[in-house]
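If you read the sequences in order, they're chains R and U. When we follow the numbering used here, the leftmost residue of the first sequence carries the number 15, and every step to the right adds one. When we follow the numbering used here, the leftmost residue of the second sequence carries the number 15, and every step to the right adds one. Accompanying notes for the structure given below.
There are 2 protein chains.
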Amino acid sequence: MDETVQDWERRWRKSVLPFAALAALGQGPKHGYGLAVALRDLLGAAAPEGTLYPLLNSFERDGLTVAEWLIQESGPARKAYRLTQKGSDVLQEATRRWSAFNNILGGHANVSLD
Amino acid sequence: MDETVQDWERRWRKSVLPFAALAALGQGPKHGYGLAVALRDLLGAAAPEGTLYPLLNSFERDGLTVAEWLIQESGPARKAYRLTQKGSDVLQEATRRWSAFNNILGGHANVSLD
DNA sequence: TTACATACCTCGAAAGTCGAGGTATGTAGG
DNA sequence: CCTACATACCTCGACTTTCGAGGTATGTAA
């Protein structure tokens, strides 16, 4: 809201981006640019491409996604990323943890995150 | 749960730690070691000291906390960190965003984070 | 032909992470 | 007395991550 919090935009984005990207991919395969657009809608702020593409590479490196080149009749080729089973598992676990920590933040501090 | 998710322990900790630390300080002033213990209870995993102390320094740098040395009659001196008004504001905003994104993860995807 | 949207990427400086190690005090056990 | 452990702080350096800037290319609309 006010500029007090502005300094934390960066930190917030850092924290939320990997999970937001995973969640967006969980709704169906997406290519880099399409994911950037989806994240802009989801988070209200653009994810820098210099962050997004290395992040997608790390997803592949960790076996969370597989990528496939889609050649179009018109326009540049697209590299589409699809969640693997492992990617789905991680997303589900991340969702569980996010929710658990949300309860802690909300004051129900007797919830464990183990 | 299983080892599939194990790789994401590090990423999860990275994401959650700044907020968990801020939330823990929101329940009252703490010194570094005490915060480490509180976080171990809260997150079920120890925050490395090599991460925690630089993080606390960044809190001070950003004006989220003020520190005060407490000399004890017995035992080593403690450096206690207390949230500033700005720190409180940031914690409140972070809590709001965490919750909003939790709704998105939970499937209520029409919630905005702006 | 200028501009913008789509679509990919790299580079390099800056920032952050974190295991290892260092310093010091107090307590408990052998 | 020596060892070990808990408390309590910190730095160092290798590593990873971030991200603004820049580069390449296609298609559309003014």
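We treat Cβ as the ideally placed atom computed from N, Cα and C, and that holds for glycine. Note that the structure is a prediction, hence the values are computed from the model and not measured.
(request) Leaving out five residues on either side along the sequence, give the residues of the same chain with a beta carbon under 8 angstroms from the beta carbon of U:Pro62. (result) none
(request) Give the secondary structure of U:Thr79 by DSSP, where H, G and I count as helix, E and B as strand, and everything else as coil. (result) strand
(message) According to DSSP, simplified to helix, strand and coil, what is R:Ala34?
(response) helix
(request) Could you name the residues of chain R that U:Thr109 contacts, counting a contact when the two beta carbons are closer than 7 angstroms? (result) Leu119
(request) Take the Cβ of R:Leu36 as the centre, count every other Cβ of all protein chains shown within 10 Å, and call the residue buried at 16 or more, exposed below. (result) buried
(request) Please state if the CB of R:Arg92 and the CB of R:Leu105 are separated by a distance shorter than 7 angstroms. (result) no
(message) Measuring only the C-alpha atoms, how far is U:Glu146 from U:Tyr95?
(response) The structure shown does not extend to residue 146 of chain U, since chain U is modelled only from 15 to 128, so the question has no answer here.
(request) For R:Ser88, go through chain U and note every residue whose CB falls closer than 9 angstroms to its CB, in chain order. (result) Neighbours of R:Ser88 on chain U: none; closest Cβ ~30 angstroms, over 9 angstroms.
(message) Please state the DSSP three-state secondary structure of U:Ala61.
(response) coil
(request) Drop a sphere of 10 angstroms on the beta-carbon of U:Arg54, count the other beta-carbons inside from all chains shown, and report buried for 16 or more, exposed for fewer. (result) exposed
(request) Could you tell me which chain R residues have their CB closer than 8 angstroms to the CB of U:Pro32, listed as they occur along the chain? (result) Arg25 and Ser29
(message) Tell me which residue opens and which closes the beta strand (DSSP E) that R:Ala94 is part of.
(response) Arg92 to Leu97
(request) Could you tell me whether any Cβ in chain R is nearer than 7 angstroms to the Cβ of U:Phe73? (result) no
(message) Quick check on DSSP: helix, strand or coil for U:Lys44?
(response) strand
(request) Please determine, among U:Ala52, U:Gly77, U:Pro43 and U:Ala59, the residue with the shortest C-alpha to C-alpha distance to R:Trp22. (result) U:Gly77
(message) Using only CA atoms, which one of R:Phe33, R:Leu70 and R:Gly121 lies nearest to R:Lys44?
(response) R:Leu70
(message) Suppose you measure from the CA of R:Leu39 to the CA of U:Gln86; what does that come to, to the nearest Å?
(response) 53 angstroms
(message) Considering Cα atoms alone, identify which of U:Phe33, U:Asn116 and U:Gly58 is closest to R:Ala108.
(response) U:Asn116
(message) Quick check: what's the CA-CA separation for R:Leu31 versus R:Arg75?
(response) 17 angstroms
(message) Less than 7 angstroms between CB atoms is the rule here; does R:Ser102 satisfy it with respect to chain U?
(response) no
(message) Going by beta-carbon coordinates alone, are U:Leu66 and U:Ala34 separated by less than 7 angstroms?
(response) no
(message) At the level of alpha carbons, what is the spacing between U:Gly42 and U:Leu97?
(response) 8 angstroms
(message) Beta-carbon within less than 8 angstroms of U:Thr79's beta-carbon, same chain only, minus the 5 sequence neighbours each way: which residues are those?
(response) Leu39, Leu70, Phe73, Tyr95, Arg96, Leu97, Thr98 and Gly101
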